[in-house]
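Heads up, the sequence shown is in full-length UniProt numbering, so the first residue is 1 and it goes up one at a time. For every residue, glycine included, the Cβ atom is placed at its ideal position computed from N, Cα and C.
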Amino acid sequence: MRHKIKMKPKRTHLKIDHKSSEPFNILIASDLHIGYKESDDVRGKDTYNTFNEILSIAKEKDVDFILLGGDLFHENKPSRYSMYNTICALRKYCFGDKNIAFEYIENCDLNHNHNFQHPNFLDHNLHVSIPIFSIHGNHDDPTGELSLCTLNLLSSSGLMNYFGKMTNFEDIRISPIILKKGNTQVAIYGLGNIKDTVLFELFLNGKVVFDKPDNYYDHYNIFVLHQNRAVHGKKNYIPENVIPEFIDLVLWGHEHECLIDMVPLGPSSVYITQPGSTVITALSQGEETPKHVGILEVNGKKGNMMSIQLKTSRIFLMKDVSTDDVMDDDEYSAMSQSDILKNFCRSHIQKMIQDYSKKLENGFYLPREPIDLKPLLRLRVFYKPEENIIDSKRISLEFQKNVANGESIVMFAKKRDLKNSESNTVKFRSYEETNHDIIELTKKRLMDLDEENNLCVLNIDTISTSLSEFIAKYEKDSIKNALSKSLKAIQTHLKLREVVSENLKKEIIMYNSSIMELELKSQSSNNKNINEDHGTKFDFEDEPPKKIKKRGRGRPNKYIH
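The structure is reproduced here in structure tokens:
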């Protein structure tokens with residue numbers, strides 16, 4: 001027997017209410033890292049559960065749209081399982097018959113690098129109820145010869161709106177998305193992740209331009225970026241004082257510590273919100289703050305942020321101890337050194353689990369969903385180089401029934417020389433920093449080869465960049481494409497010079513040497529500019545702190561607009 005399926009009536013026109021006088025309600029989030037630890041038996045579904053919770057909050061709070069600050073995905077090429085779960089969640093929560101209560105000003109520059117020149121909620125073939133606008137981060141950035149990323153796929157399929165992609169990295173122009181609701185107009189300027197050192201120099205040289213509309217002062221101006229905010233060397237971050245003074249709010253992605261409350265940038269009218277990540281990807285101090293998303297209410301030129309703690313994000317507790325504490329404890333005096341360390345670690349882990357349970361019972365944390373959601377713990381034990389340590393994994397596994405990271409609770413770290421350091425803290429390197437060192441070592445080897453004239457055709461920087469894409473972004477054709485581009489450039493040069501075969505190798509070596517010389521001159525010029533501008537546009541320190549200040553630094557007299 002055949003059953004008739006009852007279909008919803010086809011929407012013949014877009015349900016957009018341009019007469020609404022209510023303020024904008026925007027859900028703010030960043031660094032969702034969908035797919036992180038997806039193969040883990042305990043934490044495999046964490047990012048999917050949290051993504052669904054965020055979208056359900058957006059639906060429950062009846063927001064106008066969602067604004068994301070990059071790193072929607074953890075992998076540059078997400079697995080099919082990640083894509084499947086993401087698409088299912090978007091269809092479940094972001095499509096429906098709800099009216100779009102704001103107007104899209106069509107003369108702005110949205111998706112100018114994509115096939116579709118309009119946002120998904122203006123497509124007559126789609127029933128979008130909660131639009132999503134997102135830039136890319138450093139994990140899900142465009143790669144390959146065509147410079148595409150996963151957000152391109154989601155955007156072209158009508159599931160979300162990807163903006164902030166740049167194609168010219170010599171002169172950056174940022175055009176706004178302009179949305180209007182009643183008397184309130186919001187202008188959103190997006191800048192997807194660019195290598196920090198490159199963007200630093202572009203700001204320094206006035207090569208970043210914001211295309212402001214004539215009446216920009218009547219808009220609530222939001223700037224979304226995904227860069228280092230904490231200082232990582234003199235150029236490997238973006239100073240807060242390059243933010244143009246006409247910006248009302250900066251949504252700063254990439255940093256994982258949750259500082260979602262709007263904080264003023266010095267005496268100016270600029271505010272910064274750092275939503276942080278929604279999932280814990282590093283067992284470090286910045287991840288201890290409970291994870292939140294924000295609901296930004298914009299009425300005219302006024303913006304207010306309401307933070308909402310996420311129930312599906314695991315709680316993380318961290319504790320630092322020292323082996324000196326063990327030796328001073330009479331309780332362990334009769335035991336062997338290994339047994340002392342084992343019991344010492346067990347005691348602290350048990351106390352951390354008890355503290356978590358008490359805080360949960362006392363309402364310090366919201367009830368977790370599901371109720372039996374295990375916490376993440378990190379016990380960092382500092383020891384002296386001459387001391388023997390024990391197998392940290394074996395101790396950690398004893399608590400896997402109560403803790404989510406049952407294999408990595410305990411971590412031993414060598415103490416630093418107190419004469420050379422003000423504290424015993426150890427700087428742990430991120431994946432990006434480790435990967436950077438691999439590239440630098442490879443670059444050094446290539447330079448050695450170049451000195452022996454064994455590397456003639458390939459340009460060192462081109463190969464280093466392609467290698468970085470191959471390692472970090474799994475871009476399998478990056479090296480092949482780099483070779484192809486280098487060959488084409490050299491062939492063009494040789495044809496113009498009309499080089500005869502006897503001088504071919506010599507000309508190629510000279511060509512690559514001239515390229516290297518130009519690059520070195522460019523770097524030298526940039527360093528000179530930095531020294532000359534010291535204290536004008538940027539406030540450098542010899543040993544800058546890694547901790548992000550919760551209040552803004554001072555603002556200089558000149559700004560880059």
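Would you say the stretch 242–255 touches the stretch 265–278, given that touching needs at least three Cβ pairs under 8 Å? yes
Pick from Thr47, Asn343, Lys61 and Val410: whose alpha carbon is nearest that of His74? Along the sequence shown, one-based indexing puts residue 74 at 74. Ranking Thr47, Asn343, Lys61 and Val410 by Cα distance to His74 puts Thr47 first.
Taking Cβ to Cβ, would you say Leu379 is nearer than 7 Å to Val410? Here residue 379 is taken as the residue at index 379 of the sequence shown, counted from 1. Here residue 410 is taken as the residue at index 410 of the sequence shown, counted from 1. Yes, Cβ-Cβ distance for Leu379 and Val410 is below 7 Å.
Alpha helix (DSSP H) containing Tyr84: first to last residue? Locating residue 84 in the sequence shown gives position 84, counting from the first residue. Element bounds for Tyr84: Arg80 to Cys94.
Distance, Cα to Cα, Gly294 vs Gly406? Position 294 of the sequence shown, counted from the start, is the residue given in the question as residue 294. Position 406 of the sequence shown, counted from the start, is the residue given in the question as residue 406. C-alpha separation (whole angstroms): 31 Å.
Would a C-beta distance cut-off of 7 Å place Cys345 and Ile308 closer than the cut-off? If you number the sequence shown from 1, residue 345 lands on position 345. If you number the sequence shown from 1, residue 308 lands on position 308. No.
Which two residues bound the contiguous alpha helix (DSSP H) that contains Gln350? Here residue 350 is taken as the residue at index 350 of the sequence shown, counted from 1. Counting along the chain, the alpha helix (DSSP H) containing Gln350 begins and ends at Gln337 to Glu361.
For Asn241, which of helix, strand or coil comes out of DSSP? Here residue 241 refers to the residue found at position 241 when the sequence shown is read from its first residue. In the displayed model, Asn241 falls within a helix according to three-state DSSP.
Cutoff 7 Å; reference Ala404; Cβ partners in own chain excluding five residues on either side: In the sequence shown, residue 404 corresponds to position 404, counting from 1. Excluding five sequence positions before and after Ala404, the CB atoms of its chain that fall closer than 7 Å to its own CB belong to Val42, Arg43, Arg314, Lys374, Pro375 and Leu376, given in chain order.
For Asp417, three-class secondary structure by DSSP: Position 417 of the sequence shown holds residue 417. Confidence at Asp417 is low in this model, with a pLDDT of 48, below 50, so the placement of that residue is unreliable and no value is reported for it.
Given 8 Å, three or more beta-carbon pairs between the stretch 252–266 and the stretch 207–216: no
Around the Cβ of Ile260, are there at least 16 other Cβ atoms within 10 angstroms (buried) or fewer (exposed)? On the sequence shown, position 260 is the one that residue 260 refers to. Around the beta carbon of Ile260, a 10 Å sphere encloses 16 or more other beta carbons of the protein chains shown; the residue is thus reported as buried.
Three-state secondary structure assigned by DSSP to Phe51: Position 51 of the sequence shown, counted from the start, is the residue given in the question as residue 51. DSSP places Phe51 in helix when its eight states are reduced to three.
Where Ile172 and Lys45 are concerned, what is the direct C-alpha to C-alpha distance, given to the nearest angstrom? Here the question's residue 172 lines up with position 172 in the sequence shown. Here the question's residue 45 lines up with position 45 in the sequence shown. Straight-line Cα distance between these residues: approximately 38 Å.
Endpoints, the beta strand (DSSP E) within which Ser134 is located: Walking along the sequence shown from the start, residue 134 turns up at place 134. First-last of the beta strand (DSSP E) with Ser134: Ile132 to Ser134.
By the DSSP assignment, the alpha helix (DSSP H) with Glu201 in it spans what residues? Along the sequence shown, read from residue 1 onward, the residue named residue 201 stands at position 201. Its alpha helix (DSSP H) spans residues Asp196 to Leu204.
Can you list, in chain order, the residues of its chain with a C-beta nearer than 8 Å to that of Thr150? Leave out the 5 residues immediately preceding and following it. Walking along the sequence shown from the start, residue 150 turns up at place 150. Here the set comprises Leu72, Phe73, Asn76, Lys77, Pro78, Met83 and Asp140.
How close, in whole Å, do the beta carbons of Glu297 and Asn52 come, if the pair is a contact with beta carbons under 8 Å? Here residue 297 corresponds to residue number 297 of the sequence shown, with the count starting at 1. Here residue 52 corresponds to residue number 52 of the sequence shown, with the count starting at 1. With 8 Å as the limit, Glu297 and Asn52 do not qualify as a contact, their Cβ atoms being about 24 Å apart.
Rounded straight-line distance, which links the Cα of Asn304 to that of Val186: Locating residue 186 in the sequence shown gives position 186, counting from the first residue. Locating residue 304 in the sequence shown gives position 304, counting from the first residue. Rounded to the nearest angstrom, the two C-alpha atoms are 14 Å apart.
Please state whether DSSP places Arg368 in a helix, a strand or coil. Here residue 368 corresponds to residue number 368 of the sequence shown, with the count starting at 1. Here Arg368 sits in coil by DSSP.
Nearest-angstrom Cα distance between Phe200 and Leu191? Working through the sequence shown from its first residue, we reach residue 200 at position 200. Working through the sequence shown from its first residue, we reach residue 191 at position 191. Spanning the two alpha carbons is a distance of roughly 13 Å.
Proximity to Ala482 [Cα-Cα], best of Lys495, Leu496, Leu467 and Gln491: For this step, residue 482 is matched to residue 482 along the sequence shown. Minimum Cα distance to Ala482 is reached at Leu467.
Do the CB positions of Gly137 and Asn85 come within less than 7 Å of each other? Counting from 1 along the sequence shown, the entry for residue 137 is found at position 137. Counting from 1 along the sequence shown, the entry for residue 85 is found at position 85. Result no, Cβ atoms of Gly137 and Asn85 do not sit closer than 7 Å.
List the DSSP bridge partners of Asn236. The sequence position of residue 236 within the sequence shown is 236, counting from 1. Asn236 is not bridged to any residue.
For Phe412, which residues in the same chain have their Cβ closer than 7 Å to its Cβ, ignoring the five residues on either side in sequence? As a position in the sequence shown, residue 412 is number 412, starting the count at 1. Excluding sequence neighbours, Phe412 sits near Val381, Tyr383, Ile389 and Ser392.
If we ignore side chains and look at the alpha-carbon of each, how far apart do Phe320 and Ile349 end up? In the sequence shown, counting from the first residue as 1, residue 320 sits at position 320. In the sequence shown, counting from the first residue as 1, residue 349 sits at position 349. Reading the sequence as shown, one finds Asp at residue 320 and not Phe. Cα to Cα, Asp320 sits roughly 11 Å from Ile349.
Tell me the rounded alpha-carbon separation between Gly206 and Lys195. Residue mapping note: residue 206 aligns to position 206 of the sequence shown, counting from 1. Residue mapping note: residue 195 aligns to position 195 of the sequence shown, counting from 1. Rounded to the nearest angstrom, the two C-alpha atoms are 17 Å apart.
Asp218 to Arg497 span [Cα, whole Å]: Taking the first residue of the sequence shown as position 1, residue 218 is located at position 218. Taking the first residue of the sequence shown as position 1, residue 497 is located at position 497. Looking at the two C-alpha atoms, the distance is approximately 56 Å.
Endpoints, beta strand (DSSP E) assigned at Thr312: As a working mapping, residue 312 is identified with position 312 in the sequence shown. Where Thr312 is concerned, there is no enclosing beta strand (DSSP E), given that its DSSP letter is neither H nor E.
Mind checking whether Tyr93 and Lys59 have CB atoms under 7 Å apart? Here the question's residue 93 lines up with position 93 in the sequence shown. Here the question's residue 59 lines up with position 59 in the sequence shown. It is a contact, given that the beta carbons lie within the stated cut-off.
Comparing alpha-carbon positions, which option in Asn120, Arg80 and Ile508 lies nearest Gly96? Counting from one through the sequence shown, the residue named residue 96 turns up at place 96. That would be Asn120, whose Cα lies nearest to the Cα of Gly96.
Between the C-alpha atoms of Asn299 and Tyr220, what's the straight-line distance to the nearest angstrom? Residue mapping note: residue 299 aligns to position 299 of the sequence shown, counting from 1. Residue mapping note: residue 220 aligns to position 220 of the sequence shown, counting from 1. A direct Cα-Cα distance of roughly 9 Å separates Asn299 from Tyr220.
6 Å Cβ shell around Gly164 - same chain, five flanking residues per side excluded: Residue numbering aside, residue 164 sits at position 164 when the sequence shown is read from its first letter. Contacts found: Ile135, Gly190, Leu191 and Gly192.
Per-residue DSSP class, three states only, for Phe223: Working through the sequence shown from its first residue, we reach residue 223 at position 223. Of the three classes helix, strand and coil, the one that applies to Phe223 here is strand, per DSSP.
By Cβ distance, which residues of its chain are closer than 8 Å to Thr462, with the 5 residues on each side in sequence left out? As a position in the sequence shown, residue 462 is number 462, starting the count at 1. For Thr462, where only same-chain residues beyond five positions count, the Cβ hits under 8 Å are Ala482, Lys485 and Ser486.
Report yes if the CB atom of Ile479 is closer than 7 Å to the CB atom of Ile508, and no otherwise. For this step, residue 479 is matched to residue 479 along the sequence shown. For this step, residue 508 is matched to residue 508 along the sequence shown. Not closer than 7 Å, so no.
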